[in-house]
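Asks: Residue numbers (our numbering), protein chains in the order written: chain A, 1048 to 1384; chain B, 210 to 542. The C-beta atom is built at its ideal place from N, Cα and C for all residues, glycine as well. The structure displayed is predicted, hence computed values, not measured ones.
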Amino acid sequence: MSLAEFCAALMFLGVVAYAIFAGADFGSGVWDLLAGDARKGATMRAQIDQSIGPVWEANHVWLIYVLVFMWTAFPTAFASMITTLFVPWLFVALGIVLRGSGFAFRKFAATMEQARLFGATFAASSVITPFFLGMIAGAIASGRVPDDSGGLWSSWTGPTSWVGGALAVLTCSFLAATFLAADASRAGRMVLAHECGRRALLSGVLTGAVALIAIYPIESDANHLADGLQSRAAPFVVLSAIAGLFALARLRARRYARARVGAVIAVASVVIGWGVAQYPHLLVDHVEIADAAGARSTLIGLIIVFAIAAVTAVPAMVWLFVLVNRTDWTNHDSVPS
Amino acid sequence: MLLKRLFPLLVSGLVGTFCVVAVNAWMNSPAGFRLVNGDVTDVDPLAAMFNDATWTQVAHMFVAAYFVVGFVVAAVYAGGMLRGRRDRLHQLAFTTAFAFATTAALIQPLIGHVAGMRLAEHQPAKLAAMELATTTEDHAPLIIGGVLIDGEVRGGIEIPSVGSFLARGWFDRDLPGLDQVPEADRPPANVVHNSFQVMVGIGTGLALFSQWFWWRRRRGRDPIASTRVLQIALAAGPLAVVALEAGWTTTEVGRQPWIVQDVLRVKDAVTPNGGIWISLSVTVVVYAVLGVIATRVIRSMSRRWRENGEIDLPTPYGPPAHELHEAEEVGAS
């Protein structure tokens, strides 16, 4: 493995982490949107508030990590990607900003009307952001981002982009519902837990179905990706399918903690599968990892910074998740039970 | 114990300030690479990170952060006291914040001076614009106010020789003028000069005001008792923000037309995409709206908290907790 490939692997680690952690975060917003009116959805929304409140926005660390890695290690490819996919990135940025503010404001809004407005902003941007991120992934995977600047609109509106957007939203919803079911069940809110479990099952089946149907557009639209998924990346696709089925089975059996493990493995391996399938390309069909790599001294510097972050920031984030999952937070009295 | 907990926060604040400002310092004083036929080679990240401008600029911004936060927080409590909330907590909070602001206001001119001393060598165009110097000369005057119209300074107050002294360290040293710089490489001098003077003017004014405040306090007369003093302290908050922004305007506009001094022009670095005005407008509108909403929410929180000690809605939105409890019971059965 060359230095550049090692950097690309570290960068992709961030993509996987973002898909899981921010995925569950975004997905909670999707369920918030679908929770119904103020009265009907109150329990669900309170659970969502409690589940994502402490890690609120912390998960975007991974997006920043990926972007910094990319512009430092692969500056020209980063420039091509941002320039070509300027429009969807703008929507992503807009979504992230509105989502964060909406979530913060609704908790402290003065009136119910205001809270509703801020809540709707939060929930709607929770759909918009992963959707456009998925479209960006689809654009890169289908070879529509050249080593220069591609079509401002055509580059991210191909069939693979639509598949990417839809799968991103569905995956987030599936992850989030599974996480929420596990959280609610651990806190003893069984009615809510089963409701979340039912939604997880539904969105899981839907995600699987869309993934199966997606084979056709990907075959014709993204040759390189399709080839990779059927050869090098095939083990990850199979693993994802098995883990997904395991998660669905555990959801049916109302074993939410176990289901959560299956869901995480399913999502992580499908994302890793995408990365492996498009290897050695950074921008499919146009730029390979080795060609885009920056100066050797910069890559070494980046790896050193990664090591420093690994010993300083990662333990802090792990500790945050440990605290959130402890029973005293789980039984925190903000959720009516 | 508290200090131990605050330590990581302090360290990450310092490192964060350093890293962000070091990048900007590199744009002013690029180092750590060679440009060979338009290609960047011999990259040395550490030399880039610790370029000539890094330490002074980091120090200048780090102290500026304390300056702004100190005066803004003090202004919040000055505003509270003007409305008659003169309890011990208001007085304590005001004094603490004001002490930080005073310290920063005293140190800042010295750091700013040191930061400015490198300009004559590295960024003469920026220095010339800041001082509104049209021709390179020794015993150059300090020009207070004034605008440059058709290459001539109009309306400023000139203090002979002081310009050379302040920018170069002695009266007989050359202060670079705009005539040294090719016309295409000159920054818009009026913006640079006036924003620089706004920064220096506010900084000096607030430094004097805060000195006077403590002097009066030591003389045994509590300055907080005076409405006029509180009004000035209230104005000092926004003024400190203006000083900060004026400082950034000086350094950023002063570097024009370069984005990386003498290496890359802004017009060569800009995106090939059209529609920059659209995305800029969207960004401005979104942040303006969010700014207004944030202000309203925070003000309403403060009011509700004062009135009944309650700021949370019971749930994100929904009926009170006890009703929900019943709803859940019904759902369970």
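Chain B beta carbons: is any one of them nearer than 7 Å to that of A:G1348?
Replies: For the purposes of this step, residue 1348 of chain A is taken as the residue at position 301 of the first sequence. Closer than 7 Å: yes.
Asks: Could you check whether the region 411 to 422 of chain B touches the region 357 to 370 of chain B, counting it as contact only if at least three pairs of C-beta atoms, one from each stretch, sit closer than 8 Å?
Replies: The region 411 to 422 of chain B vs the region 357 to 370 of chain B: no contact.
Asks: By alpha-carbon positions, which one of B:R430, B:E461 and B:L328 ends up nearest to B:V475?
Replies: To locate residue 475 of chain B, count along the second sequence from 1; it is residue 266. Closest option to B:V475, Cα to Cα, is B:E461.
Asks: Just the C-alpha distance for B:A530 and A:C1054, rounded to the nearest angstrom, thanks.
Replies: As a working note, residue 530 of chain B is residue 321 in the second sequence. As a working note, residue 1054 of chain A is residue 7 in the first sequence. With a pLDDT of only 49 at B:A530, under the threshold of 50, the placement of this residue in the model should not be trusted; the figure read from the coordinates follows. Looking at the two C-alpha atoms, the distance is approximately 50 Å.
Asks: For a contact meaning CB atoms closer than 8 Å, what does A:L1110 contact in chain B?
Replies: Mapped onto the first sequence, residue 1110 of chain A falls at position 63. Neighbours of A:L1110 on chain B: none; closest Cβ ~17 Å, over 8 Å.
Asks: Just to confirm my understanding: we take B:G386, look at its own chain, exclude 5 residues before and 5 after, and list those with CB closer than 6 Å. What are they?
Replies: By one-based count along the second sequence, residue 386 of chain B stands at place 177. The residues are A337, A342, T343, T344 and T345.
Asks: Mapping DSSP to helix, strand and coil, what is B:R395?
Replies: Working through the second sequence from its first residue, we reach residue 395 of chain B at position 186. Three-state result, B:R395: coil.
Asks: Going by DSSP in three states, A:V1331 sits in which element: helix, strand or coil?
Replies: Within the first sequence, residue 1331 of chain A is the residue found at index 284, counting from 1. In this structure, A:V1331 counts as coil in the three-state DSSP scheme.
Asks: On the three-state DSSP scale, how would you describe B:L473?
Replies: Mapped onto the second sequence, residue 473 of chain B falls at position 264. DSSP places B:L473 in strand when its eight states are reduced to three.
Asks: Would you say A:A1140 and A:A1340 are within 7 Å of each other, going by their C-beta atoms?
Replies: Taking the first sequence and counting its residues from 1, one reaches residue 1140 of chain A at position 93. Taking the first sequence and counting its residues from 1, one reaches residue 1340 of chain A at position 293. For A:A1140 and A:A1340, no; Cβs fall outside 7 Å.
Asks: Could you have a look at B:V479 and say whether DSSP puts it in helix, strand or coil?
Replies: Within the second sequence, numbered from 1, the residue matching residue 479 of chain B stands at position 270. It is coil, neither helix nor strand.
Asks: Considering just the uninterrupted stretch of the beta strand (DSSP E) at B:L499, what are its terminal residues?
Replies: As a position in the second sequence, residue 499 of chain B is number 290, starting the count at 1. Looking at the DSSP string, B:L499 is not in any beta strand (DSSP E); the run it does join, the alpha helix (DSSP H), is I485 to N517.
Asks: Do A:S1196 and A:T1123 have their C-beta atoms within less than 7 Å of each other?
Replies: Counting from one through the first sequence, the residue named residue 1196 of chain A turns up at place 149. Counting from one through the first sequence, the residue named residue 1123 of chain A turns up at place 76. Against a cut-off of 7 Å, the Cβ pair of A:T1123 and A:S1196 comes out as no contact.
Asks: By the DSSP assignment, the alpha helix (DSSP H) with A:D1072 in it spans what residues?
Replies: Along the first sequence, one-based indexing puts residue 1072 of chain A at 25. Its alpha helix (DSSP H) spans residues L1050 to L1080.
Asks: If you measure beta-carbon to beta-carbon, which residues of the region 478 to 500 of chain B are closer than 9 Å to chain A?
Replies: Under the 9 Å Cβ criterion, the region 478 to 500 of chain B contributes T480, P481, N482, G483, G484, S488, V491, T492, V495, Y496 and L499.
Asks: For the candidate residues A:T1218, A:S1201 and A:W1118, whose alpha-carbon lies nearest to that of A:A1315?
Replies: Translated into positions along the first sequence, residue 1315 of chain A becomes position 268. Among A:T1218, A:S1201 and A:W1118, the Cα nearest to that of A:A1315 belongs to A:T1218.
Asks: With burial defined as no fewer than 16 other Cβ atoms inside 10 Å of the residue's Cβ, what is the status of B:R377: buried or exposed?
Replies: What you label residue 377 of chain B is simply residue 168 of the second sequence in a count that begins at 1. B:R377 should be labelled buried.
Asks: Taking 7 Å as the threshold (beta carbon to beta carbon), is B:S509 in contact with chain A?
Replies: In the second sequence, counting from the first residue as 1, residue 509 of chain B sits at position 300. It does: the Cβ of B:S509 has a partner Cβ on chain A nearer than 7 Å.
Asks: If you measure between the beta carbons of A:D1079 and A:I1067, is that distance less than 7 Å?
Replies: What you label residue 1079 of chain A is simply residue 32 of the first sequence in a count that begins at 1. What you label residue 1067 of chain A is simply residue 20 of the first sequence in a count that begins at 1. Their beta carbons are not under 7 Å apart, which means A:D1079 does not touch A:I1067 by this criterion.
Asks: For B:N233, which of B:W421, B:M258, B:G247 and B:V450 has the nearest alpha-carbon?
Replies: Mapped onto the second sequence, residue 233 of chain B falls at position 24. Considering only alpha carbons, the answer is B:M258.
Asks: Using a Cβ-Cβ distance cut-off of 7 Å, determine whether A:T1130 contacts chain B.
Replies: Here residue 1130 of chain A refers to the residue found at position 83 of the first sequence. True, the Cβ-Cβ gap to chain B drops below 7 Å.
Asks: Is it true that the CB of A:S1250 sits closer than 7 Å to the CB of A:F1389?
Replies: Lying outside 1048 to 1384, the shown extent of chain A, residue 1389 of chain A is not represented and no answer is given.
Asks: Exposed or buried, B:L301, counting other C-beta atoms within 10 Å across all chains shown (16 or more means buried)?
Replies: In the second sequence, residue 301 of chain B corresponds to position 92, counting from 1. Its Cβ having fewer than 16 others within 10 Å, B:L301 is exposed.
Asks: Could you check whether the Cβ of A:A1360 sits closer than 7 Å to any Cβ belonging to chain B?
Replies: For the purposes of this step, residue 1360 of chain A is identified with residue 313 of the first sequence, where counting begins at 1. Chain B, which has no Cβ nearer than 7 Å to the Cβ of A:A1360, makes this no.
Asks: Please report the straight-line C-alpha distance between A:T1027 and A:S1267, rounded to a whole angstrom.
Replies: No answer is possible for residue 1027 of chain A: the residues shown for chain A start at 1048 and end at 1384.
Asks: Determine the chain B residues that contact A:T1345 at a beta-carbon separation under 7 Å, and present them in chain order.
Replies: Walking along the first sequence from the start, residue 1345 of chain A turns up at place 298. The contacting residues are V252 and P254.
Asks: Taking Cβ to Cβ, would you say A:G1061 is nearer than 7 Å to A:V1102?
Replies: For the purposes of this step, residue 1061 of chain A is identified with residue 14 of the first sequence, where counting begins at 1. For the purposes of this step, residue 1102 of chain A is identified with residue 55 of the first sequence, where counting begins at 1. It is not a contact, given that the beta carbons lie outside the stated cut-off.
Asks: Can you grab the Cα-Cα spacing for the pair B:E361 / B:F422, in whole Å?
Replies: Walking along the second sequence from the start, residue 361 of chain B turns up at place 152. Walking along the second sequence from the start, residue 422 of chain B turns up at place 213. Each residue's alpha carbon lies about 41 Å from the other.
Asks: Looking at the secondary structure, which residues open and close the alpha helix (DSSP H) in which B:I353 lies?
Replies: Position 144 of the second sequence, counting from 1, holds the residue named residue 353 of chain B. Note, B:I353: premise wrong, no alpha helix (DSSP H); beta strand (DSSP E) at L351 to I353.
Asks: What number of angstroms, rounded off, separates the C-alpha of B:A284 from the C-alpha of A:T1168?
Replies: Taking the first residue of the second sequence as 1, we reach residue 284 of chain B at position 75. Taking the first residue of the first sequence as 1, we reach residue 1168 of chain A at position 121. Cα to Cα, the separation comes out at about 32 Å.
Asks: Going by alpha carbons, who is nearest to B:T459 out of B:V401, B:V371 and B:G321?
Replies: Here residue 459 of chain B refers to the residue found at position 250 of the second sequence. Taking only the C-alpha atoms, the option nearest B:T459 is B:V401.
Asks: Are there three or more Cβ pairs, one per stretch, closer than 8 Å when the region 219 to 238 of chain B is compared with the region 307 to 321 of chain B?
Replies: Short answer: they don't touch.
Asks: Taking the C-alpha atoms as reference points, what is the distance between B:C228 and B:Q470?
Replies: Here residue 228 of chain B refers to the residue found at position 19 when the second sequence is read from its first residue. Here residue 470 of chain B refers to the residue found at position 261 when the second sequence is read from its first residue. Approximately 19 Å between the Cα atoms of the pair.
Asks: Does the separation of the CB atoms of B:G321 and B:P350 fall below 7 Å?
Replies: In the second sequence, the residue the question calls residue 321 of chain B occupies position 112. In the second sequence, the residue the question calls residue 350 of chain B occupies position 141. Not a contact, by the Cβ cut-off of 7 Å.
Asks: Look up B:E454 in the DSSP assignment and say whether it is helix, strand or coil.
Replies: Residue 454 of chain B sits at position 245 when you count from the first residue of the second sequence. DSSP places B:E454 in helix when its eight states are reduced to three.
Asks: Could you please give the first and the last residue of the uninterrupted alpha helix (DSSP H) stretch that includes A:I1143?
Replies: Translated into the one-based positions of the first sequence, residue 1143 of chain A becomes position 96. It spans F1133 to F1155 - the alpha helix (DSSP H) in which A:I1143 sits, taken as one unbroken run.
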